[in-house]
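In what follows, a single structure is set out as structure tokens and then discussed.
Chains as they are written, first to last, in the working numbering: chain S, -13 to 627; chain F, 51 to 263.
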């Protein structure tokens, strides 16, 4: 197959579709007719009509070809009759020869045309495909170039056809071309990735498939090359690989412990529960610890990073892979149950504090974060992050310890200021007990003993003993150095208990104390001693603020109430010297004191206590003389209801 | 403050203490030894009550709501109530004690006190009050007797009480000695004096002094 034939064959050939062809054909036909009719040559001029038929077959459809052939036959006969008048001589033989030649040519042309139609149809199909398809001959000269190739590479077919394909596209082969050719010749096919340069200079990577066409004797005729642009896919693959590589790098070297865990079996177990109609997962897990334990056994650790290996004191990561049981401690079951709830509810994020056991037996307090892929993922690769907060918690504990001790010191200091009045508060009932006891003995000494009097005296003594011991126990609990404990407390009781201790101090300073305690106050969750300390501090401060006041009544007003919302309020109002506006803000700072001998710790401790209880404390100036201290604490409404 | 004429003879202990238990215990103690006791939570309460015309004493807590025990002691003196006071206190200090004793307190007891100390103090105080009341009564009688004397007789009494002989006294006021003697006889009779010494003591109690002319 040579180049010219290839060019003639497709109907889209520029020459074939040109409007000049019929004109030329017509002129040739006319010329033949004139020569055939007018000149006395004994040759079969009419045979030349086959040229006209051939030309027509290239430019018109089947019916047109027949028409042209018929015309040519008619012209041949016309010339014969015009010249020879039915003489049965050699002229007739020549005429018949011409007619058979035209007929045979027409037959062959039509046959060729219909064969061309099939080829054209096939070529059109090749154009329909998005793939790049081109054909090159044994010398790699392009002989066919489809629409896909035009779009892909940017060359039109007339630009591409006739060029050597590897030169045109600057093909870069993955292996030497000779190897490829050898394989192609051996198997008739080759597949591989090539890099081509497009017309605009950009390089594309293509997945290339070559197939070799051979003639009946097995000699290669041409190669069809089909190419798919995989540049994007290659880039996406590369990016994915890079992303994966980066992820691996981060995973492996991150300063936090990261685990890849397989929760798919856990998820399946939870899905089973859902299928059984269970909805209240938190309650279910709380009442079915065996499920939680089973679920823990179902977790598979797929991978851990270096930090994890170090954190858990493992020699290598294989020690940690597989089951979670190696590092799990029973008290973390509650946290794991929360994880299960998170999975059941389809949450994508979980965070909690929990405890693990390192392989060397150390207990670690860790902050655990879990990122679950969104539903409906099988949860076969769940990323779990751990942060060791053992140290942080230890520091926090030390800080709390220091604060507790400081609170204790200031409490004892305040109590020290109250020693005289508290001693009096204890002495008073003791004195009454002594006197009542002595009276009791005297009544016993009567003849007969006055038992009624004895009884009432003893009853008084018991009452006074209780009173004295209440003061003492209040004093003891305040002076004890104990770790804060959260219990449900009624603030009114706290106020009463403190008033018991400061009553005498209030009295000694000529202060009138007024309590307005709201009934049905909801409880607060807090430490009794610490809250007593706050109130005691506020009361003592108020008393001291009024010590210098001589021109007006010294009034101390303590009020508890519950405003709208979930807060409980305490207010301590005095008619003392008040607070300078510029001191209002720094009042609660440590070491800030307006008293000459003040440590400046009292209110600062009050604030840290109240804030640790989730409350707030602040001071305000009264409209009249004095100041008011306000404390709010969150009400524990769950217990109240 | 009015006096109660009824319960003449029985001594009464008044207690002012703001501590209810202490009041009850003291009441019981005093009653166990047959003493009447009246208790008050504060000084104003005490002032509002009627005081019986009988020997008594006041057991007073130093620390009281309102004016302190010591202030109240002064207040009572100002309004001429001379009831003997026994102070009780949770913790007495020396300046407080001195001040109380100077102002005439019978005793100063620190809580808790021994019952006997309290009862002794109360007995002393009541005795002192009884004596004061007795002296007051005698003086009152003497005053009324003295009022029955004529001006001249009062004059003569003053001179005699100041230790002058009849002759000297007569010379002093320009009377005959015999006249002075007669006056003196009348005076002795009117005043119910058993002897001259008795009369001189009476004059002293009455505060009758010779006025230099």
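Ideal placement from N, C-alpha and C gives every residue a C-beta, glycine not left out.
Could you work out which residue in the options is closest to residue i when comparing CA atoms only?
{"i": "residue 569/S", "options": "548/S, 606/S, 188/S", "result": "606/S"}
{"i": "residue 75/F", "options": "424/S, 620/S, 53/S", "result": "424/S"}
{"i": "residue 49/S", "options": "294/S, 99/S, 11/S", "result": "99/S"}
{"i": "residue 129/S", "options": "9/S, 142/S, 231/S", "result": "142/S"}
{"i": "residue 224/F", "options": "205/F, 212/F, 150/F, 196/F", "result": "205/F"}
{"i": "residue 523/S", "options": "402/S, 220/S, 510/S, 619/S", "result": "402/S"}
{"i": "residue 68/F", "options": "83/F, 96/F, 60/F", "result": "96/F"}
{"i": "residue 640/S", "options": "578/S, 620/S, 153/S, 243/S", "result": "The displayed coordinates of chain S run from -13 to 627. Any statement about residue 640/S would go beyond what the structure contains."}
{"i": "residue 190/F", "options": "257/F, 66/F, 92/F", "result": "257/F"}
{"i": "residue 370/S", "options": "288/S, 303/S, 149/S", "result": "288/S"}
{"i": "residue 238/S", "options": "290/S, 480/S, 268/S, 203/S", "result": "290/S"}
{"i": "residue 269/S", "options": "168/S, 320/S, 477/S, 366/S", "result": "320/S"}
{"i": "residue 236/S", "options": "261/S, 293/S, 274/S", "result": "293/S"}
{"i": "residue 442/S", "options": "421/S, 433/S, 69/S", "result": "421/S"}
Could you spell out where the alpha helix (DSSP H) holding residue i opens and where it closes?
{"i": "residue 58/S", "result": "48 to 70"}
{"i": "residue 184/F", "result": "165 to 198"}
{"i": "residue 574/S", "result": "Careful: residue 574/S lies outside any alpha helix (DSSP H) and carries neither H nor E."}
{"i": "residue 145/S", "result": "143 to 146"}
Counting along the chain, where does the beta strand (DSSP E) carrying residue i start and finish?
{"i": "residue 557/S", "result": "553 to 560"}
{"i": "residue 373/S", "result": "368 to 374"}
{"i": "residue 242/S", "result": "No beta strand (DSSP E) contains residue 242/S, which DSSP labels as neither H nor E."}
{"i": "residue 200/S", "result": "189 to 200"}
{"i": "residue 335/S", "result": "335 to 343"}
{"i": "residue 615/S", "result": "613 to 620"}
{"i": "residue 594/S", "result": "Run containing residue 594/S: none in the beta strand (DSSP E); it sits in the alpha helix (DSSP H), 588 to 598."}
{"i": "residue 543/S", "result": "540 to 547"}
{"i": "residue 474/S", "result": "473 to 475"}
{"i": "residue 500/S", "result": "497 to 503"}
Quick one: what's got a C-beta closer than 8 Å to residue i's C-beta in the same chain, skipping five residues either side?
{"i": "residue 172/F", "result": "63, 80, 85, 107, 109, 136"}
{"i": "residue 387/S", "result": "none"}
{"i": "residue 368/S", "result": "246, 247, 248, 249, 356, 357, 358, 359"}
{"i": "residue 318/S", "result": "340, 341, 342"}
{"i": "residue 593/S", "result": "574, 603"}
{"i": "residue 29/S", "result": "80"}
{"i": "residue 151/S", "result": "120, 122, 126, 127, 128, 157, 211"}
{"i": "residue 348/S", "result": "299"}
Just to confirm my understanding: we take residue i, look at its own chain, exclude 5 residues before and 5 after, and list those with CB closer than 7 Å. What are they?
{"i": "residue 199/F", "result": "207, 237, 240"}
{"i": "residue 2/S", "result": "With a pLDDT of only 46 at residue 2/S, under 50, the local geometry of the prediction cannot be trusted, and no value is derived from it."}
{"i": "residue 215/S", "result": "138, 190, 192"}
{"i": "residue 230/F", "result": "206, 216, 219, 220"}
{"i": "residue 533/S", "result": "495"}
Who are the near neighbours of residue i in its chain, counting only those whose CB is closer than 6 Å to its CB and skipping five residues on each side?
{"i": "residue 256/S", "result": "329, 330"}
{"i": "residue 323/S", "result": "271, 278"}
{"i": "residue 197/S", "result": "175, 210"}
{"i": "residue 436/S", "result": "429"}
{"i": "residue -8/S", "result": "Annotation note: pLDDT 41 at residue -8/S (below 50); position unreliable, no value reported."}
{"i": "residue 57/F", "result": "With a pLDDT of 43 at residue 57/F, under the threshold of 50, the modelled position of that residue is not reliable, and no figure is offered here."}
{"i": "residue 463/S", "result": "515"}
{"i": "residue 579/S", "result": "586"}
Let me confirm a value: residue i is counted as buried when at least 16 other C-beta atoms fall within 10 Å, else exposed. Which label applies?
{"i": "residue 599/S", "result": "buried"}
{"i": "residue 246/F", "result": "exposed"}
{"i": "residue 125/S", "result": "exposed"}
{"i": "residue 335/S", "result": "exposed"}
{"i": "residue 531/S", "result": "buried"}
{"i": "residue 161/S", "result": "exposed"}
{"i": "residue 132/S", "result": "buried"}
{"i": "residue 233/F", "result": "buried"}
{"i": "residue 216/F", "result": "buried"}
{"i": "residue 577/S", "result": "exposed"}
{"i": "residue 194/S", "result": "buried"}
{"i": "residue 157/F", "result": "buried"}
{"i": "residue 233/S", "result": "exposed"}
{"i": "residue 130/F", "result": "exposed"}
contact_flag[the region 537 to 549 of chain S, the region 486 to 503 of chain S] where n(CB pairs < 8 Å) is 3 or more:
Yes: at least three Cβ pairs fall under 8 Å.
Would you say the region 435 to 450 of chain S touches the region 389 to 402 of chain S, given that touching needs at least three Cβ pairs under 8 Å?
no
For the region 409 to 422 of chain S and the region 453 to 471 of chain S, state whether three or more C-beta atom pairs, one from each stretch, are separated by less than 8 Å.
yes
Taking one C-beta from the region 163 to 170 of chain F and one from the region 118 to 131 of chain F each time, how about it: are there three or more such pairs within less than 8 Å?
The region 163 to 170 of chain F, when compared against the region 118 to 131 of chain F, does not touch it at the 8 Å Cβ threshold.
Answer yes if the region 170 to 186 of chain S comes into contact with the region 93 to 108 of chain S, meaning at least three C-beta pairs across the two stretches below 8 Å, and no otherwise.
The region 93 to 108 of chain S, when compared against the region 170 to 186 of chain S, does not touch it at the 8 Å Cβ threshold.
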